[in-house]
Amino acid sequence: GENVEQHPSTLSVQEGDSAVIKCTYSDSASNYFPWYKQELGKRPQLIIDIRSNVGEKKDQRIAVTLNKTAKHFSLHITETQPEDSAVYFCAASKYNFNKFYFGSGTKLNVKP
Amino acid sequence: GAVVSQHPSRVICKSGTSVKIECRSLDFQATTMFWYRQFPKQSLMLMATSNEGSKATYEQGVEKDKFLINHASLTLSTLTVTSAHPEDSSFYICSARVQGGLDEQFFGPGTRLTVL
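Chains as they are written, first to last, in this note's numbering: chain F, 1 to 112; chain Y, 1 to 116.
Below, the structure written as structure tokens:
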């Protein structure tokens, strides 16, 4: 099965700085990689995703990069704001199977 | 659009009883729903894939006789925790994939189960 590892487990940054979270996956057949943000006691919300046919995707302050050869992908948040504080999860999935295997999560704390 | 609800949001039960949790897609049809379990400050662990009109497929290590899943319609899946014990206490979250849609899964708000 798929094994997704995520680092770091906690990340503390100053407001305005950038934050980077990294994930690796084991199954080379995985081809869809979403990132979810979960605030305390709430449901995970998709913030960005990337498919294996592209290497990078950007949406305003958020970007994701994918290296298929190395089987790793990263989330980049620029100009962080206190409201970015939450737990972020990466996941890997195979098209048509659609099961999501989540990383262990990163607790991001943005200090004002 | 793409809203998923869960009921109840919280439930407390005595050890040995069974608890049913409902997952509904409110504004779309979902042939596939997923059930996850999340321990405090931990990740979402996939328990099973719920397929409308057929048996659920369980992940390795998940007891199918303990966690009964029924997906009777395109908008409803239920998870029944049978003979619950304190170690079953957890946050249970469902997600749904839009029928014929892309890969994104939409998550429910979760159900906090406490077994006394």
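Glycine included, C-beta positions come from ideal geometry on N, C-alpha and C. The structure presented is a predicted model; accordingly, all values stated were derived computationally and were not measured.
Of the listed residues the options, nearest to residue i (C-alpha basis)
i: residue 13 (chain Y); options: Y:103, Y:109 and Y:83; result: Y:83
i: residue 157 (chain F); options: F:15, F:25, F:22 and F:30; result: Given that chain F is displayed from residue 1 to residue 112, the structure contains no residue 157 (chain F) and the question cannot be resolved.
i: residue 30 (chain Y); options: Y:10, Y:36, Y:93 and Y:106; result: Y:106
i: residue 87 (chain F); options: F:2, F:33, F:16 and F:46; result: F:46
i: residue 93 (chain Y); options: Y:38, Y:32, Y:2 and Y:28; result: Y:38
i: residue 38 (chain F); options: F:92, F:83 and F:112; result: F:83
i: residue 56 (chain F); options: F:11, F:40, F:33 and F:4; result: F:33
i: residue 42 (chain Y); options: F:10, F:24, F:112 and F:71; result: F:10
Supposed close pair residue i, residue j - CB separation, criterion 8 Å
i: residue 58 (chain Y); j: residue 45 (chain Y); result: Not a contact, Cβ separation roughly 12 Å.
i: residue 85 (chain F); j: residue 110 (chain F); result: 5 Å
i: residue 110 (chain Y); j: residue 95 (chain Y); result: No, residue 110 (chain Y) and residue 95 (chain Y) are not in contact; Cβ-Cβ is about 10 Å, not under 8 Å.
i: residue 19 (chain F); j: residue 65 (chain F); result: Not a contact, Cβ separation roughly 14 Å.
Contact list for residue i against chain F, beta-carbon separation under 8 Å
i: residue 109 (chain Y); result: 42 and 43
Partner residues on chain Y for residue i, Cβ-Cβ distance less than 7 Å
i: residue 98 (chain F); result: 32, 97 and 103
i: residue 102 (chain F); result: 43 and 44
Chain Y residues whose Cβ lies nearer than 9 Å to that of residue i
i: residue 34 (chain F); result: 103, 104 and 105
i: residue 105 (chain F); result: 41, 42, 43 and 44
Three-state class that DSSP yields for residue i in the structure shown
i: residue 39 (chain F); result: coil
i: residue 83 (chain F); result: helix
i: residue 40 (chain Y); result: coil
i: residue 27 (chain Y); result: coil
i: residue 5 (chain F); result: strand
i: residue 86 (chain Y); result: helix
i: residue 76 (chain Y); result: strand
i: residue 105 (chain Y); result: strand
i: residue 100 (chain F); result: coil
i: residue 95 (chain F); result: coil
Residue i: CB within 7 Å of a non-hydrogen atom of the ligand ZN
i: residue 76 (chain F); result: No copy of the ligand ZN appears in this structure; indeed no ligand is present at all.
Under 9 Å by beta carbon: chain F residues contacting residue i
i: residue 93 (chain Y); result: 43 and 44
Under 8 Å from the C-beta of residue i: neighbouring residues of chain Y
i: residue 89 (chain F); result: 43 and 44
i: residue 93 (chain F); result: 103
i: residue 59 (chain F); result: Per Cβ cutoff of 8 Å: no residues; residue 59 (chain F) is ~14 Å from chain Y at best.
i: residue 27 (chain F); result: The contacting residues do not exist; residue 27 (chain F) stays about 14 Å from chain Y at best.
i: residue 49 (chain F); result: 103 and 104
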